[in-house]
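To start, the structure itself, in structure tokens.
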């Protein structure tokens, strides 16, 4: 888990967004993948980024949106949404890590 472990930085958030973008299916598909990543040792912040990005950054949804609402709208939505996903994931991850929160399965 060198990509999503304790030593991973901002690059891990980008990997999580890319992984989420290739996820096929609805958001409920992301939760088993996030659980598998957590079992492998991924930090909570990266799990939150993956789950948030899987609801926003999926490739099929992006193509559909760009064709109906326009490419400009899609780009603006990504420019606004992705930084907020990463920022909120970092905040929630550090908050829960300070409280030594563990996900139970």
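Numbering (my numbering), first residue to last: 154 to 258. Glycine is no exception: its CB is placed at the ideal position from the N, C-alpha and C atoms.
For the segment 222-233 against the segment 180-199, are there 3 or more C-beta pairs whose distance is under 8 angstroms? no
Go through the segment 228-255 residue by residue and report every complete run of the beta strand (DSSP E) that reaches 3 residues or more, in order. none
Any chain B beta carbon closer than 7 angstroms to residue 186: Structure shown: chain B not included; a single protein chain is present.
Considering only the alpha carbon of each residue, which of 164, 176 and 197 lies closest to residue 252? 197
DSSP on residue 194, reduced to helix/strand/coil? coil
CA nearest to the CA of residue 177, picked from 210, 199 and 236: 210
Residue 202 burial status per 10 Å Cβ neighbour count (16 or more: buried): buried
Using 7 angstroms as the threshold, is the C-beta distance between residue 256 and residue 206 below it? no
Residue 234 and residue 199 look like a contact to me (Cβ under 8 angstroms); what is the Cβ gap, rounded to whole Å? Not quite, the Cβ-Cβ distance comes to about 17 angstroms (not below 8 angstroms), so this is no contact.
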